[in-house]
Amino acid sequence: MILRPNDIDHPGLLDGMTLKFPPGAAYAGRVELSSGFLPAAEGPLPGTYAPGSCVPRPPWRPPSCHESSLLYGTPGALPGEWIALLPVPQRVLEACADLRAAAAAGAEQAVRSLIAGPGGRMALVELIRWATTLTDPARPGIEAPLLYGMTPAGNLTMTIGGHGRRVGLHVDTWYDNSLAERAAAPNRISVNLGARERFLLCVNAPLQVMAAALRDRGLLDGVSDPRFALGARFMQVFPDYPVTKITVRPGEAYLAPTENMLHDGYAEPHGQVDLQFSCRGRFLPPVPRPTGVSSGPAAARTYARRRETDDWCAGSPG
Numbered sequence: 033m034i035l036r037p038n039d040i041d042h043p044g045l046l047d048g049m050t051l052k053f054p055p056g057a058a059y060a061g062r063v064e065l066s067s068g069f070l071p072a073a074e075g076p077l078p079g080t081y082a083p084g085s086c087v088p089r090p091p092w093r094p095p096s097c098h099e100s101s102l103l104y105g106t107p108g109a110l111p112g113e114w115i116a117l118l119p120v121p122q123r124v125l126e127a128c129a130d131l132r133a134a135a136a137a138g139a140e141q142a143v144r145s146l147i148a149g150p151g152g153r154m155a156l157v158e159l160i161r162w163a164t165t166l167t168d169p170a171r172p173g174i175e176a177p178l179l180y181g182m183t184p185a186g187n188l189t190m191t192i193g194g195h196g197r198r199v200g201l202h203v204d205t206w207y208d209n210s211l212a213e214r215a216a217a218p219n220r221i222s223v224n225l226g227a228r229e230r231f232l233l234c235v236n237a238p239l240q241v242m243a244a245a246l247r248d249r250g251l252l253d254g255v256s257d258p259r260f261a262l263g264a265r266f267m268q269v270f271p272d273y274p275v276t277k278i279t280v281r282p283g284e285a286y287l288a289p290t291e292n293m294l295h296d297g298y299a300e301p302h303g304q305v306d307l308q309f310s311c312r313g314r315f316l317p318p319v320p321r322p323t324g325v326s327s328g329p330a331a332a333r334t335y336a337r338r339r340e341t342d343d344w345c346a347g348s349p350g
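Structure (structure tokens):
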């Protein structure tokens with residue numbers, strides 16, 4: 033099929049996933065939109081990308097008032113309908129202190145050695161313990177916990193595939209769910225343990241919204257596979273659709289439905305190690321902890337039951 037994007041009506045930002053920041057957090061300037069998609073072959077370091085990869089196309093800009101109204105709202109009930117930022121508890125950061133110091137010094141080999149040693153294992157245990165408290169009590173547990181560091185090289189995206197090349201904006205396929213099941217797939221937590229900001233890059237339109245946009249224009253045939261073809265066709269047909277860039281500060285984490293959206297990470301090349309922890313699970317939108325209430329699994333279950341009514345989950349991004 034020969035596509036002529038200039039002859040196709042281009043949607044603005046579609047109504048998709050909602051973003052949530054911690055209460056009281058300064059969120060001004062932390063969300064930006066790209067000018068669209070760029071074939072990685074036309075961007076920086078093209079030889080490091082797999083054929084057909086796409087990356088965000090600069091320049092970046094703040095969202096308009098209308099776009100902000102689409103991005104910030106009440107999280108949906110399913111994991112694939114929202115993205116949240118949350119602070120990491122101080123006790124967890126303290127367990128990672130040696131790793132964080134080595135990462136800030138740019139000592140990638142030292143970071144790897146620490147991760148493989150007793151200190152790294154203790155840090156991993158503390159990270160897993162905290163991440164587990166964020167999961168749905170009805171379906172607890174996490175999968176694939178990973179603590180790792182990489183020195184940014186200047187690429188516009190971070191993920192490297194099994195072939196040794198970067199894959200650009202992509203959809204995770206750990207569970208190989210059908211398109212209809214993607215919104216209910218497990219989501220992911222990613223913790224920024226470095227000393228610099230890192231960024232979540234994503235298309236706010238979930239896979240079913242992307243499929244609907246293509247179907248409305250008669251361009252869905254042959255590309256309904258949510259693993260690869262659907263996202264590639266969407267980027268090809270709508271090259272000016274904005275990628276959302278969300279700033280994740282040191283000591284913060286994001287929860288995101290990486291099985292249900294085009295995404296990747298980015299960190300600026302600053303000479304330091306981009307240190308992070310990630311795992312998959314059935315994570316719930318976090319709610320604020322009332323003053324004087326203890327932590328632990330029982331408290332986590334209490335907050336989970338309140339997630340539908342708490343002010344944190346209502347309306348504005350702050």
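Residue numbers (the working numbering): 33 to 350. Backbone N, C-alpha and C define an ideal beta-carbon position, used for all residues, glycine too.
Contact belief for residue i with residue j at Cβ below 8 Å, rounded distance in angstroms
i: I278; j: R62; result: 7 Å
i: P271; j: G68; result: 5 Å
i: A82; j: G263; result: With a Cβ gap of about 14 Å, A82 and G263 do not count as contacting.
Cα-Cα separation, residue i to residue j
i: A176; j: P301; result: 27 Å
i: Y335; j: A185; result: The predicted position of Y335 is uncertain, since its pLDDT is 40 and thus under 50; a value taken from the coordinates is nonetheless stated next. Y335 and A185: Cα-Cα distance of roughly 40 Å.
i: E229; j: A215; result: 28 Å
i: R132; j: Y180; result: 11 Å
i: P150; j: A261; result: 43 Å
i: S210; j: L146; result: 39 Å
i: G138; j: A212; result: 43 Å
i: L159; j: L316; result: 17 Å
i: D47; j: G152; result: 41 Å
i: V275; j: L178; result: 26 Å
i: L65; j: D253; result: 29 Å
i: N187; j: V199; result: 11 Å
i: R171; j: R314; result: 7 Å
i: V319; j: E74; result: 42 Å
i: P329; j: P111; result: Confidence at P329 is low in this model, with a pLDDT of 46, below 50, so its placement is unreliable and no value can be given for it.
i: H195; j: H202; result: 15 Å
i: L246; j: V255; result: 9 Å
Reference residue i, options the options, closest by Cα
i: G44; options: H98, P91, L77; result: H98
i: Y59; options: L103, A72, T290, E74; result: L103
i: W206; options: E74, T290, G48, A170; result: T290
i: G79; options: R197, R314, G151; result: R197
i: K52; options: L70, L252, P258, G105; result: G105
i: L233; options: T189, L246, A57, E74; result: T189
i: M49; options: E113, G84, C86; result: E113
i: N292; options: I115, R89, S85, E74; result: I115
i: Q304; options: Q141, P90, Y273; result: Q141
i: L118; options: G283, P218, A299; result: G283
i: R144; options: P258, V120, T183, D204; result: T183
i: P90; options: S100, P76, S101; result: P76
i: H295; options: P54, L246, V87, D41; result: V87
i: D168; options: P218, P258, P94, S101; result: P218
i: T164; options: A155, V157, I174; result: I174
i: D41; options: Y286, F266, R281; result: F266
i: L287; options: Y273, D208, D130, L166; result: L166
Test: residue i CB closer than 8 Å to a CB of chain D
i: P91; result: In summary, chain D is missing from the structure at hand, where a single protein chain is found.
Counting only runs that start and end within the stretch 215-259, where is the beta strand (DSSP E) found for 3 or more residues in a row?
-> Qualifying beta strand (DSSP E) stretches, in chain order: 219-224, 230-234.
Three or more C-beta pairs below 8 Å linking the stretch 208-225 and the stretch 291-311 = The stretch 208-225, when compared against the stretch 291-311, does touch it at the 8 Å Cβ threshold.
For the stretch 126-139 against the stretch 238-251, are there 3 or more C-beta pairs whose distance is under 8 Å?
-> Of all C-beta pairs linking the stretch 126-139 to the stretch 238-251, fewer than three are shorter than 8 Å, placing the two stretches out of contact.
Segments of 3+ residues assigned as beta strand (DSSP E) that fall wholly inside the stretch 49-107 | Complete beta strand (DSSP E) runs here, min 3: 50-52, 63-65, 69-71, 86-88.
Jot down the residue ranges of each uninterrupted alpha helix (DSSP H) in the stretch 116-156, minimum 4 residues, whole runs only, in chain order.
-> Taking only runs of at least 4 residues, the alpha helix (DSSP H) segments lying wholly in the stretch 116-156 are 122-127, 129-136, 140-148.
Write down every uninterrupted run of the alpha helix (DSSP H) in the stretch 150-207 whose length is 4 residues or greater and which is fully enclosed by it, in chain order.
-> Qualifying alpha helix (DSSP H) stretches, in chain order: 150-165.
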